[in-house]
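Taken in order, these protein sequences are the chains called A and B. Counting in the working numbering, the first sequence runs from 1152 upward without gaps. Counting in the working numbering, the second sequence runs from 1152 upward without gaps. Where a beta carbon is used, it is the ideal one built from N, C-alpha and C, also for glycine. Remember, it's a predicted structure, so these values are computed and weren't measured experimentally. To keep things clear, I will list the structure first and then write my remarks on it.
There are 2 protein chains.
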Amino acid sequence: MDIFDDIVKPTLMLDEATARLNVARMVDKARRQGIRFRPHFKTHQSAAIGEWFRDEGVAFITVSSVDMAAYFANHGWDDITIAFPANLRQMDELSDLADRVRLGLLVESVESVAALHRGLNGSAAAWIKIDVGSGRTGIPWDQPAAVAEVLEVIRQASNLEPCGLLTHAGHTYHAASRPEIEQIYATTRQRLQCLRAVVETQDLASPPPARDTSVVQTQNSGSLQISVGDTPACSVVDDLSGVDEIRPGNFIFYDAEQYLLGSCAWKDVAVAVACPVAALHPDRQDVVIYGGAIHLSKDFMAYEGHPAYGLAALPEGNRWGDPIEGAYVRSLSQEHGIVQVPQPAFDKIRVGDLLFIIPAHSCLTVTALGRYRTLTGEIIPTMNVV
Amino acid sequence: MDIFDDIVKPTLMLDEATARLNVARMVDKARRQGIRFRPHFKTHQSAAIGEWFRDEGVAFITVSSVDMAAYFANHGWDDITIAFPANLRQMDELSDLADRVRLGLLVESVESVAALHRGLNGSAAAWIKIDVGSGRTGIPWDQPAAVAEVLEVIRQASNLEPCGLLTHAGHTYHAASRPEIEQIYATTRQRLQCLRAVVETQDLASPPPARDTSVVQTQNSGSLQISVGDTPACSVVDDLSGVDEIRPGNFIFYDAEQYLLGSCAWKDVAVAVACPVAALHPDRQDVVIYGGAIHLSKDFMAYEGHPAYGLAALPEGNRWGDPIEGAYVRSLSQEHGIVQVPQPAFDKIRVGDLLFIIPAHSCLTVTALGRYRTLTGEIIPTMNVV
């Protein structure tokens, strides 16, 4: 019997061995460089997969929501940074977390700090969110006075411990090449170091507090730490030194976008969605799959000048094979995916077969599908399913 | 106390009265024109909301997956069309459904029909999926020989009853104006009528089978029925006659795309996502919300020349107000939304407030969020949550 025979609908396949290797490689890289590793768990969102990190000695984690922090706290993680501006409407939940774990929060305004000072029962580590150029959120790196002002109110808040400067250089995802990723990383580090130097010079009156960076000691001797983290830079840049902490997430699975970007090799991609073939259109070499926006998400990347929601592969042994040359998911509606598959691969596909889609963005696909099936058939849930 | 005070994270708000009005209006339109109404339940995906249709006398429904058919069959619906090419890998589930309900299936190849003939226990109504120009899937409308061939094998299959021609003219979603929607509807109807005439002329040897169109009798006296259904056309076109069945879905809630398209007025939009404000950037008039791709989906529409994932409104009474002029969701990552909000509205917003986002595409947002909260605070689940 084919090990895929009982797959009847879009199913998120996970190659555990590859994912574990990706984790081990990044742990090793951070350890060799003496940088604290605080992986982002928003990619896998699974307590069971969290254990694969624990097996490698990881003790600090990053999450993207208060609910996700509570989920992992319930599974034994006790040092958690929520890498999203502190949600003031969840003050009760934040207070509960502050009571149970060493909680890291992101702030970027005097108002947020004041609200946390007033409303948060228990203490938290406060990171100032800096925008180094991605344009999403955070205080722009070239506004040291605004950063110093926020730092000052953090220091005045008895329940907040000033931690440092944190950024997500998400613009590496739009880089065109590895040298460009390296350049963005170098610029990010330089901007944060420069900002720290200016803020600390303005701030000589306040002596640096003692810090415990635990397990992995960091090289930086300043009072403010620097935390960065995006998968492209953490994967591609050899010398990450000059920062205190990295927080990549996507690297555990990678995806089609990271593969095209050069963050990983094809063999490093650890997830694919197995999709039943629903119809064939030989005249236009389109394969219609049961696998749409609600399974893959509508995130896309550029592929040979087209927007593409994923790449495609045929089954091979108990896994998916190499990418089908020229094949990509060109359109998605709610349940349908339209995959352009050039010949000769097109001719090998029949209605009722499975086609494997390597999604453009694995984090969103994981959220959409909610559970994994390993190559040996084990089902692994995420926090989104019961 | 503000009725929104206990909303702490992205929450799908539903105005039940508006949704019920939208349902009643479409039921009435179909009834007046003598067209069978088979609404698509993929938009709301909720047994409780299904009852609002039942309250209006609706007895036939459309769904987009085998699982959705099973869910609604478990909630008392007994005449269900799965408007997706029959998934041959779910033959056991299809057989179970065929045993319990009057099941409609879509086919578009001789191979699919043959597989259903061989594998399906129990009988089903078979619709031939036709592509009238949307380019997604189905036999192109101008290939009557291919249609006749599929029809012939359906007739030979003892467990399949030939029903007619079914299409989804999804290209109305990309229309630029109401007249263009009307034009697409007229063309769709004409192409299907023409196709039917050609196929039936070629097919005089086979007498038309007796048909029971139940409750609403249709005007068409041919042997093959015509089923169409897209919200823009069903909302905008006054005279829908000449078809046997309509299957719109989105109209129950509408969304920002339908509003911009002219399918509905702003007051007809029945859903919005209440999102906590996480940060403010007055220099660029950006509001950062807790509400990202995993809540809203990454579907977008065109708004003033930009891709937009939704429109924005401020709270007003127990509902959301008019659209903020010039405001739109310009960027989404996993949990963050970046909303461009021009002054003077920008100045009214504080970190910790709620901003209401009317999503670009309500069907995907419903799937992502999984449950509704009505304006009176009632929680209504969908099939995606327990």
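Candidates the options, of which the one nearest residue i by Cα
i: D1419(A); options: S1513(A), R1269(A), G1528(A) and T1318(A); result: S1513(A)
i: S1378(A); options: C1385(A), D1389(A) and I1397(A); result: I1397(A)
i: D1218(B); options: E1167(A), P1161(A), E1259(A) and D1229(A); result: P1161(A)
i: A1299(B); options: V1261(B), S1309(B) and V1283(B); result: V1261(B)
i: T1339(B); options: D1153(B), A1320(B) and P1330(B); result: A1320(B)
i: Y1441(A); options: G1456(A), V1422(A), L1483(A) and G1468(A); result: L1483(A)
i: D1498(B); options: S1374(B), R1171(B), P1433(B) and P1383(B); result: P1433(B)
i: M1242(A); options: D1230(A), L1431(A), A1265(A) and F1223(A); result: A1265(A)
i: S1328(A); options: Q1307(A), S1246(A), G1255(A) and L1411(A); result: L1411(A)
i: D1395(A); options: A1416(A), W1417(A) and R1347(A); result: R1347(A)
i: V1387(B); options: A1326(B), P1458(B), L1343(B) and C1345(B); result: A1326(B)
i: S1246(A); options: A1170(A), Q1344(A) and R1269(A); result: R1269(A)
i: N1310(A); options: N1401(A), H1322(A), H1195(A) and R1253(A); result: R1253(A)
i: A1429(B); options: Q1409(A), K1180(A) and S1216(A); result: S1216(A)
i: D1293(B); options: Q1334(B), T1323(B) and L1343(B); result: L1343(B)
i: S1285(B); options: A1198(B), A1453(B), D1381(B) and H1195(B); result: D1381(B)
Per-residue DSSP class, three states only, for residue i
i: L1256(B); result: strand
i: S1246(B); result: helix
i: M1538(B); result: Any answer about residue 1538(B) is impossible in this case: the structure gives chain B only from 1152 up to 1537.
i: E1207(A); result: coil
i: R1470(B); result: strand
i: A1337(A); result: helix
i: R1398(B); result: coil
i: Y1410(A); result: helix
i: L1375(B); result: coil
i: D1422(A); result: Reading off the sequence, residue 1422(A) comes out as Val, not Asp. In the structure shown, V1422(A) sits in a strand (DSSP, three-state: E or B).
i: F1497(A); result: helix
i: H1325(B); result: helix
i: H1191(B); result: strand
i: L1355(B); result: The pLDDT assigned to L1355(B) is 49, lower than 50, so where the model puts this residue is not dependable, and the model offers no usable value.
i: P1295(A); result: helix
i: K1160(A); result: coil
i: F1235(A); result: strand
i: Y1222(B); result: helix
i: V1214(B); result: strand
i: G1315(A); result: strand
i: A1199(A); result: helix
i: A1266(A); result: helix
i: S1392(A); result: coil
Beta-carbon proximity check, residue i vs residue j, cutoff 7 Å
i: S1448(B); j: L1515(B); result: yes
i: F1192(B); j: I1212(B); result: yes
i: A1249(A); j: A1276(A); result: no
i: G1461(A); j: A1407(A); result: yes
i: L1163(B); j: T1525(B); result: no
i: Q1491(A); j: R1501(A); result: no
i: N1173(A); j: P1427(B); result: no
i: D1437(B); j: I1489(B); result: yes
i: F1507(A); j: A1425(A); result: yes
i: I1541(A); j: V1214(A); result: Outside the shown range of chain A, which is 1152 to 1537, sits residue 1541(A), and nothing can be said about it.
i: P1466(A); j: L1505(A); result: yes
i: V1283(B); j: T1318(B); result: yes
i: I1290(A); j: A1297(A); result: yes
i: E1207(B); j: A1175(B); result: yes
i: W1228(A); j: G1255(A); result: no
i: A1519(B); j: H1446(B); result: yes
i: V1439(A); j: R1240(B); result: no
i: G1521(A); j: E1486(A); result: no
i: I1186(B); j: L1391(B); result: yes
Residue i classed as buried or exposed, judged by whether at least 16 other C-beta atoms fall within 10 angstroms
i: Q1368(A); result: Legend: pLDDT at Q1368(A) = 39, less than 50; position of this residue unreliable, no value from coordinates given.
i: R1435(B); result: exposed
i: T1288(A); result: buried
i: N1225(A); result: exposed
i: N1272(A); result: exposed
i: P1495(A); result: exposed
i: K1280(B); result: buried
i: I1475(A); result: buried
i: F1155(A); result: buried
i: T1352(A); result: exposed
i: G1400(B); result: buried
Original post:
Fully enclosed by the stretch 1424–1490 of chain B, which beta strand (DSSP E) runs are 3 residues long or longer?
Top reply: If one requires a minimum length of 3 residues, the beta strand (DSSP E) runs lying completely within the stretch 1424–1490 of chain B are 1437–1441, 1452–1454, 1457–1459, 1461–1467 and 1470–1483, in chain order.
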